[in-house]
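Asker: Got a structure for you, questions after.
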Amino acid sequence: MPGTFDRTRGRALTRAVSPDFSSAVSNFFNTRPPNYEAAKGSQEAYFAALRAHGTEVITLPAIPGYPDCSFTEDTAVIIDDKAVIPNLGHPSRDGEQDSIADFLSEDFEIVRMPKGATLDGGDVVFYDDRFLVGISTRTNQRGAVFLADQANKSGFDVQLFDVPKNTLHLTTVCSSPRPGTIIASVGYLKESDLSFAEEVVWIPEDEGYASNTIAYRDRIIIPEGYKKARRLMLDSGFSVTTVEMSEFREVDASLTCLSVFIG
Ligand code: CIR
């Protein structure tokens with residue numbers, strides 16, 4: 024069973040936007056109250072973009088009382104035939120993972136994290152032979168080490184990062200769209216952090232939100248409205264699709280947050 028790491032992106036596990044979306048956690052961007060209807064429209068456009076690239080989109084219903092439940096990336100990390108189910112790092116979100124675990128138990132061995140360890144899947148990026156794992160306000164040392172141990176057992180290396188305090192997750196400031204390539208935001212990660220990568224595409228800090236991408240070989244999805252980032256992607260040989268993400272940005276969420284790829 025292939026996982027996120029092989030970039031097949033055959034199936035995406037997603038969840039409908041919560042009707043309580045206006046109460047979603049927002050610790051960083053937060054310039055205005057988020058709008059439920061607009062977020063629903065954005066999510067539809069996002070699903071259409073995934074489908075246009077060949078992904079089957081599976082959408083679970085929203086969970087009452089969990090305004091952030093559409094950010095399924097945080098609720099599971101797929102490593103080969105295992106699904107590591109974390110304890111989410113924000114108390115208002117812990118619990119979202121339970122029905123995800125039920126769903127995934129059909130196809131994956133479920134590995135639960137011990138009490139006291141926390142991790143959001145948004146702190147995990149797969150790069151070729153290794154998992155990059157961020158320690159952040161959501162992912163604690165125990166959570167990162169637990170994930171690292173699971174990845175090592177499956178034969179993958181792990182590189183730990185300290186996620187800068189002025190951003191939410193590792194995926195907020197970098198992604199690996201194709202083998203050998205990392206896209207990273209200036210001002211958050213340093214060249215020395217990424218010396219293992221064959222190619223790093225640096226996105227200017229004022230467009231750093233566009234360092235979070237989803238790609239299918241040389242076809243990449245980026246958020247709408249980031250002209251410099253778009254130019255850089257084209258120059259790096261990608262064809263580009265954009266999705267309007269401003270509603271999700273208000274609550275610190277990026278493109279990858281809206282899915283966990285499960286095959
Ligand atoms: C939160 O603060 O948890 C949500 N409002 C946003 C989560 C974004 N998820 C992600 O980056 N993987």
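Residue numbers (the numbering used here): 24 to 286.
Each residue gets a CB set at the ideal place from its N, CA and C atoms; glycine is no exception.
Just so we're clear, the structure is a prediction, and the values are computed from it rather than from any experiment.
What are the residues that DSSP puts in a beta bridge with Leu185?
Answerer: Note that residue 185 corresponds to Asp in the displayed sequence, not to Leu. Ile158, per the DSSP bridge assignment.
Asker: Just list the beta strand (DSSP E) runs in the stretch 181-240, keeping only unbroken ones of 3 residues or longer that don't cross its boundaries, in chain order.
Answerer: 204-208, 222-226 and 237-239
Asker: Answer with buried or exposed for Lys188, where buried requires no fewer than 16 other C-beta atoms within 10 angstroms of its C-beta.
Answerer: exposed
Asker: Can you name, in chain order, every residue of its own chain whose Cβ lies under 6 Å from the Cβ of Thr141, other than the five neighbours on each side?
Answerer: For Thr141, where only same-chain residues beyond five positions count, the Cβ hits under 6 Å are Asn110, Gly112, Asn163 and Gly166.
Asker: Where do the ends of the beta strand (DSSP E) carrying Arg288 lie?
Answerer: The requested residue 288 does not occur in the structure, where the chain is confined to residues 24 to 286.
Asker: Flag His76 as yes when its Cβ comes closer than 6 Å to any non-hydrogen atom of ligand 1, and as no otherwise.
Answerer: no
Asker: Verify whether the separation of the beta carbon atoms of Leu170 and Val107 is less than 7 Å.
Answerer: yes
Asker: Hey, how far is the Cα of Phe219 from the Cα of Gly203?
Answerer: Roughly 9 Å separates the two Cα atoms.
Asker: Give every residue of the same chain whose Cβ lies closer than 7 Å to the Cβ of Asp43, excluding the five residues on either side of it in the sequence, and list them in chain order.
Answerer: Correct list, in chain order: Pro90.
Asker: Based on DSSP bridge pairs, tell me the residues matched to Phe149.
Answerer: Phe154
Asker: Which value, in whole angstroms, describes the spacing of the CA atoms of Thr194 and Val148?
Answerer: 7 Å
Asker: Return the bridge partner residues of Thr82 from the DSSP annotation.
Answerer: Thr37
Asker: What is the rounded straight-line gap between the Cα of Asp151 and the Cα of Ser198?
Answerer: 12 Å
Asker: Kindly examine ligand 1 and report whether one of its heavy atoms sits closer than 6 Å to the Cβ of Ala61.
Answerer: no
Asker: For a test of the three-state rule: what should DSSP assign to Phe169, helix, strand or coil?
Answerer: In this structure, DSSP gives Phe169 a helical state, which the three-state scheme calls helix.
Asker: Measure the alpha-carbon distance for Pro25 versus Arg153 and round it to whole angstroms.
Answerer: The predicted model places Pro25 with a pLDDT of 36, which falls under 50 and marks its position as unreliable; any figure quoted below should be read in that light. In a straight line, the C-alpha of Pro25 is about 15 Å away from that of Arg153.
Asker: Heavy atom of ligand 1 less than 6 Å from the Cβ of Glu96, yes or no?
Answerer: Because some heavy atom of ligand 1 lies under 6 Å away, the Cβ of Glu96 counts as near it: yes.
Asker: What does DSSP give as the partner residues of Ala71 in its beta bridges?
Answerer: Answer is none; Ala71 lacks a bridge partner.
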